[in-house]
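Before any comments, here is the structure.
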Amino acid sequence: MRSRYLATVAVALLAGGLAACSGSDDQADAGAAKGGPITVNASDTGCEVGLTDVDAGTVQFKVTNKGGKVTEFYVYAAGDRVMGEVENIAPGLSRDLHVELPAGTYETACKPGMIGKGIRGPLKVNGSAAPLTEDAALKDATTSYSRYVKSQTDALLQKTQEFVDAVKAGDVAKAKGLYPVARTYWERIEPVAEIFGDLDPKIDGREEVIEEGMPFTGFHAIERDLWQKNDISNSGPMADELMVNIKEIVAKANAEQLSPLQLANGAKELLDEVATGKITGEEDRYSHTDLWDFNANVEGSKAAISALRPALEQRNADLVKQLDTEFANVDTALSKHRAGDGWKLHTELAQPELKELSDAINALAEPISKVAAVVAG
Amino acid sequence: MNITRRQAMTIASVGVAGIAGAAAGASAVLAADSEPAAPVSAASGAVPFYGHNQAGIITPAQDRLHFVAFDVITKDRDRLVTMLQDWTAAAARMTQGQDAGAIGAVDGIPEAPPDDTGEALDLPPAGLTLTIGFGPTLFRDATGADRFGIAAKRPPALADLPKFPGDALQPEISGGDLCVQACANDPQVAVHAIRNLARIGMGVVSVRWSQLGFGRTSSTSRDQATPRNLFGFKDGTANLKAEDTALLDEHLWARAGDGPSWMDGGSYLVARKIRMVIETWDRTSLGEQEEIVGRTKGSGAPLGQQKEFDELDFTIKGADGEPAIADVAHVKLAHHSQNGGARMLRRGYNFVDGSDGLGRLNAGLFFISFQRDAHKQFVPIQLQLARHDVMNEYIRHVSSALFACPPGVPDAGDYWGRALFS
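From first to last, the protein sequence lines are chains A and B. Counting in full-length UniProt numbering, the first sequence runs from 1 upward without gaps. Counting in full-length UniProt numbering, the second sequence runs from 1 upward without gaps.
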């Protein structure tokens, strides 16, 4: 049975020049016409959504980035459950988003700089919506998370390619800037990647975990070349290999459907990653960009929980409330360490600041560890 | 009602007469233990959790310690109270040899993390006591803010301790909003209890510091032999003991009129981590060691006297005509006759935290004392010691904390701190 909440997301990339030609689409009221796309004008400080009261069904958005920063556009259900999103919209470009929305109250968000809660606005969807059965809600979680994985892997492919290109071009500054950005998409979906045990260490293995006789490759090997050796003249082949492996894992990840139980465990494992590797600064020991990974792990954990949210609310609403509170506390604690569109270096944080983050993660991870039993129960 | 694995073990090993066969299981064991009972003779048995005073104070000192201080990290008073209720329930269970949670370490569904961590499975209660205390910063934080609306209930006796001469305190292992003292005759049982309480408290509290101890350095009962500290001397000979009920009323338990009524029947806990400079002490001659302490190293008898429990007599002269116990001897400086009658119940433990990177043992005494008012008992005694004790050459106080330990929880309908928070 096709789920009522099933949303189809089709992302079409329009070339900048093409977008400029489609004059009428740039008008804020263009989307008001019934059935036509709703225009979203995203700038660095604003997020104008042409229509905020629509009928249930497939809703089409046309998002144009009129700002100077790369942006993203999201449609969220309660608890920041992603109903649809377009990632990685470069300045000047437009992208389409088709999302199927049952009746309810939603939020739209533009995220200039691809960071934070974004610029939020209300979206009301009219019509009738019957509640899902518990089983359907669980099944929907799988579909919803697959959608998330797809959106992340699209961006992962693109940003890794840019990173690889910069490494091969010998552009150290650009490569250093792209390193934590590309990793963000990787870290958000790491539970999926880890299913493929042979690829994960080739892509993300740290120097000390590489088994004897196995070459040290992937993100962290290039990180070492960039920050410690200060020499990427020989890093080209390793960058090419990284791209090959990323493509392979992306293809596998998109073919994989995580069970609700895997989602619950994945949400917990992402926080375990934070607690063991990021808090300590072990993950990005040469670049010290651990807080980027930290944030991405938390976002990925939240995405998995969001996918499960309707099922969790039916089964244990108190737990959902507790998770909301603790996710918000983590965000608050982490947001103190923002630096521009990115994050402070791990080495810039004092021990009490790291302890505060560690406490916040532990406070979240304990209730998250209860989710699997709720899903299984 | 199911009998958990640990409980079945408890019943089997302790042999609670007439109860093992009863179908009522857990409730029967708890009910039986809720009556004031004689001290547990078997080191593996259970100490009653419920009672007028908290266990772990005059309970015959167990051999092992895990002491932990927590910072409260929530601003939500209700969450803190809920956690104290959860802690109380878990403590009542664990002290009776049961798992921390109702499901247990191995009887839950495979998808869920167990509500007990499991390392105490198959172990007896081991005399476990869990004793809670509230620190000064729970009432007002460093900025003076009344964090949980209880500042007006802060007892005057919970005023910060003064700085003592020679203190080398490390803030990160000092103080704390809450403490739990876990004592047991099996270190794994004590660690299990603290670990599970810390886990239950996640999001509400965060471990600030913790300390493992071994080899109790005091006896708190006349039935117990006096143990030795890491200087090799018997320690706690002149301690307050469980049998000294009149002295305990006078020196140990806070009573009506002392301060806010929620502390009536409670006691104040001072914890001081005292690093011993073991290596230089060991190079000191026997005579000098004994002079510093004021007792013989072998029997523990006061210098110039015969037996360990001889009442200290400071008038006895040695062969040279000088007092056998020097004026600056540790036992004299600390004695109640020299401190306006002030006495304490000491309940400290030895510690060895590995080595210090310079080839020296990181070792010493984790001093714990309980008293009716630390400012009238611990403080004057410690001031004397800090100013005059020759032993100071061999010790360094590296941490300090003061906690108000409320009275006991009378029954399962009550919880740690109810009178403070209601």
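Each residue gets a CB set at the ideal place from its N, CA and C atoms; glycine is no exception.
Quick check on Val328 (chain B): does DSSP put it in helix, strand or coil?
Coil at Val328 (chain B), not helix or strand.
Does DSSP put Glu299 (chain A) in a helix, a strand or coil?
When DSSP states are grouped into helix, strand and coil, Glu299 (chain A) belongs to the helix group.
For a contact meaning CB atoms closer than 7 Å, what does Met202 (chain B) contact in chain A?
Below the 7 Å Cβ cutoff, chain A contributes Asn362, Ala363, Glu366 as neighbours of Met202 (chain B), in chain order.
Spell out the partners DSSP gives Pro323 (chain B) in its beta bridges.
Its beta-bridge partners are B:Lys317.
Quick one, which of B:Ser210, B:Leu269, B:Trp281 has its alpha-carbon nearest Leu252 (chain B)'s?
The shortest C-alpha to C-alpha distance from Leu252 (chain B) to any of B:Ser210, B:Leu269, B:Trp281 is the one to B:Leu269.
Do we get a CB-CB distance below 8 Å when we pair Leu345 (chain A) with the residues of chain B?
Not one chain B Cβ lies under 8 Å of Leu345 (chain A).
In terms of residue numbering, what span does the alpha helix (DSSP H) encompassing Asp282 (chain B) cover?
Taken as a continuous stretch (DSSP letters only), the alpha helix (DSSP H) holding Asp282 (chain B) covers 278-282.
With DSSP as the reference, label Phe163 (chain A) as helix, strand or coil.
Of the three classes helix, strand and coil, the one that applies to Phe163 (chain A) here is helix, per DSSP.
Within this structure, are the beta carbons of Val199 (chain A) and Ile232 (chain A) separated by less than 8 Å?
In the sequence on display, residue 199 (chain A) carries Leu and not Val. Their beta carbons are not under 8 Å apart, which means Leu199 (chain A) does not touch Ile232 (chain A) by this criterion.
Ile73 (chain B) CB to nearest chain A CB: under 8 Å?
Closer than 8 Å to some Cβ of chain A, the Cβ of Ile73 (chain B) qualifies, so yes.
For a cutoff of 8 Å on Cβ pairs, would you count Glu269 (chain A) as touching chain B?
Contact of Glu269 (chain A) with chain B is not assigned, every C-beta pair being separated by 8 Å or more.
Span of the alpha helix (DSSP H) around Trp186 (chain A)
Trp186 (chain A) -> alpha helix (DSSP H) spans 172-188.
Once the 5 residues before and after Leu156 (chain A) are set aside, which same chain residues still bring their CB inside 8 Å of it?
Answer for Leu156 (chain A): Ala182, Tyr185, Trp186, Ile189, Ile246, Val250, listed in chain order.
Neighbouring residues, chain B, relative to Glu353 (chain A) (Cβ below 8 Å)
Within chain B, no residue comes near Glu353 (chain A); the closest Cβ sits about 13 Å away, beyond 8 Å.
Residue(s) in a DSSP beta bridge with Ala120 (chain B):
According to DSSP, which records beta bridges pairwise, Ala120 (chain B) is partnered with nothing at all.
So what's Ala372 (chain A) in DSSP terms, helix, strand or just coil?
Ala372 (chain A) sits in a helix when the DSSP states are folded into three classes.
Look at the alpha carbon of Ala33 (chain A) and the alpha carbon of Gly46 (chain A), and state the distance between them as a whole number of angstroms.
Low confidence applies to Ala33 (chain A): its pLDDT is 40, below 50, so where it sits in the model is not reliable enough to give any reading.
Give the straight-line distance between the Cα atoms of Leu128 (chain B) and Leu361 (chain B), rounded to the nearest whole angstrom.
Distance between the alpha carbons of Leu128 (chain B) and Leu361 (chain B) is about 28 Å.
By how many angstroms is the C-alpha of Thr95 (chain B) removed from the C-alpha of Leu97 (chain A)?
Distance between the alpha carbons of Leu97 (chain A) and Thr95 (chain B) is about 59 Å.
If you scan the segment 317-367 of chain A from start to end, which runs of the alpha helix (DSSP H) of 4 or more residues do you find wholly inside it?
The segment 317-367 of chain A contains these whole alpha helix (DSSP H) runs: 317-335.
Say whether chain B places a C-beta atom closer than 8 Å to the C-beta of residue 380 (chain A).
Only positions 1 to 377 of chain A appear in this structure, which leaves residue 380 (chain A) out of reach.
Taking Lys370 (chain A) as the query, report the chain B residues whose CB atoms sit under 8 Å from its CB, ordered along the chain.
Chain B residues near Lys370 (chain A): Ala112, Pro113.
State yes or no: is the C-beta of Gln188 (chain B) within less than 8 Å of the C-beta of Leu123 (chain B)?
In this structure, Leu123 (chain B) lies closer than 8 Å to Gln188 (chain B) by Cβ.
Less than 8 Å between the CB atoms is what I'm expecting for Gly133 (chain B) and Leu178 (chain B), so what's the real figure, rounded?
The pair is a contact, with the Cβ atoms about 7 Å apart (cut-off 8 Å).
Residue-chain proximity (Ala141 (chain A), chain B), Cβ-Cβ < 8 Å
Not a single CB atom of chain B sits nearer than 8 Å to the CB of Ala141 (chain A).
Is there a C-beta anywhere in chain A that falls below 8 Å from the one on Ser206 (chain B)?
Judged by the 8 Å Cβ criterion, Ser206 (chain B) is in contact with chain A.
Under a CB-based cut-off of 8 Å, is Glu107 (chain A) close to chain B?
For Glu107 (chain A), the answer is no, since every Cβ of chain B falls outside 8 Å of its Cβ.
Going straight from the alpha carbon of Gly290 (chain B) to that of Ala225 (chain B), what length do you get?
The residue you asked about is not Gly; residue 290 (chain B) is Glu in the sequence shown. Roughly 20 Å between the two C-alpha positions.
Which value, in whole angstroms, describes the spacing of the CA atoms of Glu211 (chain A) and Thr217 (chain A)?
About 12 Å.
Excluding the 5 residues preceding and the 5 following Gln152 (chain A) in the sequence, name in chain order all residues of the same chain whose CB lies nearer than 6 Å to its CB.
Hits under 6 Å: Tyr185, Arg188, Ile189.
Going by DSSP, name the residue or residues bridged to Ala363 (chain B).
B:Met276, B:Val352, per the DSSP bridge assignment.
Classification of residue 389 (chain A) by the beta-carbon crowding that lies within 10 angstroms, buried from 16 upward:
Past the boundaries of the shown model lies residue 389 (chain A); chain A is included only from 1 to 377, so the question cannot be answered.
Leu270 (chain A) and Ser301 (chain A): beta carbons closer than 8 Å?
In this structure, Ser301 (chain A) lies closer than 8 Å to Leu270 (chain A) by Cβ.
Starting from Ile292 (chain B), find everything on chain A with Cβ-Cβ shorter than 9 Å and list it in chain order.
Identification of chain A residues near Ile292 (chain B) by a Cβ-Cβ cut-off of 9 Å yields none; the smallest Cβ-Cβ distance measures about 38 Å.
Buried or exposed: Val244 (chain A), going by 16 or more other Cβ atoms within 10 Å of its Cβ?
That one is exposed.
Is it right to say His52 (chain B) is buried, meaning 16 or more other beta carbons lie within 10 angstroms of its own, or is it exposed?
Exposed, because fewer than 16 other Cβ atoms sit within 10 Å of the Cβ of His52 (chain B).
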